[in-house]
Amino acid sequence: MDDNIPFIFLEIVLALSIITLNLLVCATVYLHKELRTETNFLIVSLAAADIGVGALAIPFSIVLSMEYILCFYTCIFITCFPLVTTQFSILLLLLIAINAHLKIRLPNSFMVYLTGRRLILAVLICFILSCLIGFSPMMGWNQLQQYVSTNKSQVASERSILAFERSIVIYPPYYRPRDLSQAYFSHKEFTNSSNIKGDHLGCCSLTAVFTPEYLVYFVFLGCTLLPLLLMLTIYGDIFRVVRGHLKSSKKREVHMAWTLLLLVGIFCLCWIPLNAINSLRLLCRSCTLPVSLIRLAVLFSHTNSFANPLVYAMRRKDFGAALRSVTMRLVRCCSSPKVVSRNHKVHPQDG
Numbered sequence: 132m133d134d135n136i137p138f139i140f141l142e143i144v145l146a147l148s149i150i151t152l153n154l155l156v157c158a159t160v161y162l163h164k165e166l167r168t169e170t171n172f173l174i175v176s177l178a179a180a181d182i183g184v185g186a187l188a189i190p191f192s193i194v195l196s197m198e199y200i201l202c203f204y205t206c207i208f209i210t211c212f213p214l215v216t217t218q219f220s221i222l223l224l225l226l227i228a229i230n231a232h233l234k235i236r237l238p239n240s241f242m243v244y245l246t247g248r249r250l251i252l253a254v255l256i257c258f259i260l261s262c263l264i265g266f267s268p269m270m271g272w273n274q275l276q277q278y279v280s281t282n283k284s285q286v287a288s289e290r291s292i293l294a295f296e297r298s299i300v301i302y303p304p305y306y307r308p309r310d311l312s313q314a315y316f317s318h319k320e321f322t323n324s325s326n327i328k329g330d331h332l333g334c335c336s337l338t339a340v341f342t343p344e345y346l347v348y349f350v351f352l353g354c355t356l357l358p359l360l361l362m363l364t365i366y367g368d369i370f371r372v373v374r375g376h377l378k379s380s381k382k383r384e385v386h387m388a389w390t391l392l393l394l395v396g397i398f399c400l401c402w403i404p405l406n407a408i409n410s411l412r413l414l415c416r417s418c419t420l421p422v423s424l425i426r427l428a429v430l431f432s433h434t435n436s437f438a439n440p441l442v443y444a445m446r447r448k449d450f451g452a453a454l455r456s457v458t459m460r461l462v463r464c465c466s467s468p469k470v471v472s473r474n475h476k477v478h479p480q481d482g
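Quick note: this note's numbering has the sequence shown finishing at residue 482, numbered continuously throughout.
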């Protein structure tokens with residue numbers, strides 16, 4: 132437990148930072164009408180996915196690090212939800228790339244093809260697909276039998292110890308069973324009557340419910356690497372189309388494409404360590420990795436949700452200026468009551 136405290140502390144700090152920064156992004160787009168564009172709507176959707184990481188995925192990650200004895204279906208829901216938020220971010224990045232590609236390829240008919248309703252529908256489709264992909268282990272691709280069998284002896288021993296301790300407390304100091312069979316019968320009866328229905332209990336962790344094949348072949352190669360390669364192809368075509376154009380409008384689109392490509396690159400860097408660990412587990416099942424290394428990879432993956440709004444604010448001067456103005460406005464609103472109370476002087480006519 133003591134070696135887990137630094138990880139929990141860093142996760143809590145990171146979660147609060149992610150929620151605060153991404154809420155500022157949403158508030159900035161809401162308060163500044165000039166920022167309400169199609170691309171920024173997708174950026175706000177990405178910020179909403181990052182808020183889900185800070186509000187739910189990181190707390191679930193903390194629970195997984197504690198390795199509590201939980202019901203299998205509770206454990207698999209906790210482990211599946213971070214996959215939903217991650218997949219939603221990937222699909223939104225792909226949708227942002229397609230949006231930028233349409234702007235370059237079809238500049239005249241872009242507004243006809245991409246209306247507000249179609250954009251909202253596309254985001255909803257991405258969310259539904261993310262739920263189907265993320266919660267797919269709950270439909271059968273899991274390690275239920277191994278989860279129960281591996282932890283059955285551990286759970287049984289913990290129950291026996293707990294039941295025996297309680298049976299000792301139940302007996303008064305002056306009471307003594309007539310023989311050992313009576314004591315054994317009382318202990319057995321108590322064990323059978325307490326939580327014996329928990330046939331699906333086990334030590335909850337990521338590797339306990341997910342198979343390595345699912346994490347590598349389906350999540351990493353199929354649902355992560357394939358969309359990322361598609362994004363790189365789209366951005367490569369964007370840079371090929373705009374090569375040689377010196378118009379200011381094209382320069383703006385190229386600058387935006389580089390910003391979005393940077394988001395994709397940061398996503399890859401943040402998630403490569405954790406996916407590399409999962410791949411190593413599949414290739415070398417007998418290998419044991421340090422727990423500190425795994426926790427560091429998890430922290431690094433969650434850092435992506437904190438880096439997204441920072442990159443967009445630094446690369447977009449108008450967005451960054453609006454974000455700073457909203458931040459300063461919130462700071463003034465929070466500090467103004469204290470300033471008024473300090474400067475206010477009570478005069479006789481004030482009563």
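Here a beta-carbon is modelled for each residue, glycine too, at the ideal position from N, C-alpha and C.
Fill in: Among Leu177, Phe208, Lys448, Ser466, the one whose alpha carbon lies nearest that of Pro190
The residue among Leu177, Phe208, Lys448, Ser466 with its C-alpha nearest the C-alpha of Pro190 is Phe208.
Discussion item. Suppose contacts are defined by Cβ-Cβ distances below 7 Å. Is His433 in contact with Leu145 by that definition?
Written reply: With respect to the 7 Å criterion, His433 and Leu145 are classified as neighbours on the basis of their beta carbons.
Worksheet item: Is the beta carbon of Pro358 less than 7 Å from the beta carbon of Leu225?
Response: In terms of Cβ geometry, Pro358 and Leu225 form a close pair [threshold 7 Å].
Practice prompt. Could you pull the start and end residues of the alpha helix (DSSP H) that Leu222 belongs to?
Written response: Note, Leu222: alpha helix (DSSP H), 203–236.
Practice prompt. Measure the C-alpha to C-alpha separation of Ser261 and Leu222 and round it to an integer number of angstroms.
Written response: Whole-angstrom Cα-Cα distance: 8 Å.
Worksheet item: So does the stretch 169–188 actually touch the stretch 197–208, counting three or more Cβ pairs closer than 8 Å?
Response: Remark: fewer than three beta-carbon pairs, one from each stretch, lie closer than 8 Å, so the stretch 169–188 and the stretch 197–208 are not flagged as touching.
Worksheet item: Around the Cβ of Pro137, are there at least 16 other Cβ atoms within 10 angstroms (buried) or fewer (exposed)?
Response: Exposed, because fewer than 16 other Cβ atoms sit within 10 Å of the Cβ of Pro137.
Fill in: Opposing strand residues paired with Cys334 [DSSP bridges]
Its beta-bridge partners are Ile200.
Item to complete: Leaving out five residues on either side along the sequence, give the residues of the same chain with a beta carbon under 8 Å from the beta carbon of Val372.
Response: Counting only residues of its own chain and dropping the five nearest sequence neighbours on each side, Val372 has a CB closer than 8 Å to the CB of Ile235, Arg236.
Worksheet item: Is there contact here, the stretch 336–345 with the stretch 400–420, by at least three beta-carbon pairs under 8 Å?
Response: Output reads yes: the stretch 400–420 touches the stretch 336–345.
Worksheet entry | Pair within 7 Å by beta-carbon distance, Gly265 and Val347 | In this structure, the beta-carbon distance from Gly265 to Val347 does not fall below 7 Å.
Worksheet entry | Rounded C-alpha distance that separates Ala453 from Asp134 | Per the coordinates, the alpha-carbon of Ala453 lies some 41 Å from the alpha-carbon of Asp134.
Worksheet item: Between Glu165 and Thr159, what straight-line distance do the alpha-carbon atoms span, to the nearest angstrom?
Response: In this structure, the alpha-carbon of Glu165 lies about 10 Å from that of Thr159.
Discussion item. Just verifying my parser: in three-state terms, what is the DSSP assignment at Gln274?
Written reply: Of the three classes helix, strand and coil, the one that applies to Gln274 here is coil, per DSSP.
Worksheet item: Which of the three DSSP states, helix, strand or coil, is assigned to Leu414?
Response: In this structure, Leu414 counts as helix in the three-state DSSP scheme.
Practice prompt. Measure the C-alpha to C-alpha separation of Glu384 and Ser176 and round it to an integer number of angstroms.
Written response: Cα-Cα distance, rounded: 20 Å.
Fill in: Nonlocal neighbours in the same chain, by C-beta distance under 7 Å from Gln480, ignoring five residues either side
Because Gln480 carries a pLDDT of 44, less than 50, the predicted location of this residue cannot be relied on, and no value is offered for it.
Discussion item. Given this structure, state the Cα-to-Cα distance separating Pro404 from Phe437, to the nearest angstrom.
Written reply: Between Pro404 and Phe437, the C-alpha separation is close to 17 Å.
Worksheet item: Candidates Phe349, Cys202, Ala188: which alpha carbon is nearest Ser267's?
Response: Ranked by how close their Cα comes to the Cα of Ser267, the residues Phe349, Cys202, Ala188 have Phe349 in first place.
Worksheet item: For Arg426, does the three-state DSSP call read helix, strand or coil?
Response: Annotated three-state conformation of Arg426 is helix, per DSSP.
Discussion item. Under DSSP, the alpha helix (DSSP H) around Cys257 begins and ends at which residues?
Written reply: Per DSSP, Cys257 is one residue of the alpha helix (DSSP H) stretching across 247–265.
Worksheet item: Cα-Cα, which of Leu233, Ala178, Phe212 is closest to Tyr366?
Response: Measuring from the Cα of Tyr366, the nearest candidate turns out to be Leu233.
Worksheet item: Can you tell which of Asp449, Leu414, Tyr345, Pro440 has the C-alpha that lies nearest to the C-alpha of Leu152?
Response: It is Pro440 whose Cα lies nearest to the Cα of Leu152.
Worksheet item: Tell me which same chain residues have a C-beta within less than 7 Å of the C-beta of Val429, skipping the five on either side of it?
Response: Only residues of its own chain outside the window of five on either side were considered, and among them Ser192, Leu405 have a CB closer than 7 Å to the CB of Val429, listed in chain order.
Worksheet item: If we ignore side chains and look at the alpha-carbon of each, how far apart do Leu147 and Ile369 end up?
Response: Each residue's Cα considered, the two are about 36 Å apart.
Item to complete: To the nearest angstrom, report how far apart Arg374 and Ile149 are at their CA atoms.
Response: In this structure, the CA atom of Arg374 is about 36 Å from the CA atom of Ile149.
Worksheet entry | Assigned secondary structure, Phe437 (DSSP; H/G/I helix, E/B strand, else coil) | If DSSP states are grouped into helix, strand and coil, Phe437 belongs with the helices.
Discussion item. Check this for me: beta carbons of Leu162 and Ile227, under 7 Å apart or not?
Written reply: No; because the gap between Cβ atoms is not below 7 Å, this pair is not in contact.
Worksheet item: Going by Cα to Cα distance, which pick from Phe258, Cys334, Val254 is closest to Tyr199?
Response: Cys334 is the residue among Phe258, Cys334, Val254 whose C-alpha sits nearest the C-alpha of Tyr199.
Item to complete: Pull up the distance between the alpha-carbon of Ala388 and that of Cys202, whole angstroms please.
Response: Computed Cα separation, rounded: 46 Å.
Worksheet entry | Option nearest Cys529 by Cα separation, candidates Val442, Cys401, Pro343 | There is simply no residue 529 to check, as the chain begins at 132 and stops at 482 in what is shown.
Practice prompt. With distances taken Cα to Cα, identify the nearest neighbour of Leu155 among Ile139, Leu275, Thr458, Cys465.
Written response: Closest by C-alpha distance to Leu155, out of Ile139, Leu275, Thr458, Cys465, is Thr458.
Worksheet item: For His386, which of helix, strand or coil comes out of DSSP?
Response: Correct three-state label for His386: helix.
Practice prompt. Check Arg463 in the structure and name its three-state DSSP category.
Written response: Note: Arg463 maps to helix in three-state DSSP.
Fill in: Short CB-CB distance (under 7 Å) between Leu226 and chain D
No chain D is part of this structure, which consists of one protein chain only.
Practice prompt. Compute the Euclidean distance between the alpha carbons of Met270 and Leu263, then round it to the nearest angstrom.
Written response: In this model, Met270 and Leu263 are separated by some 10 Å (Cα to Cα).
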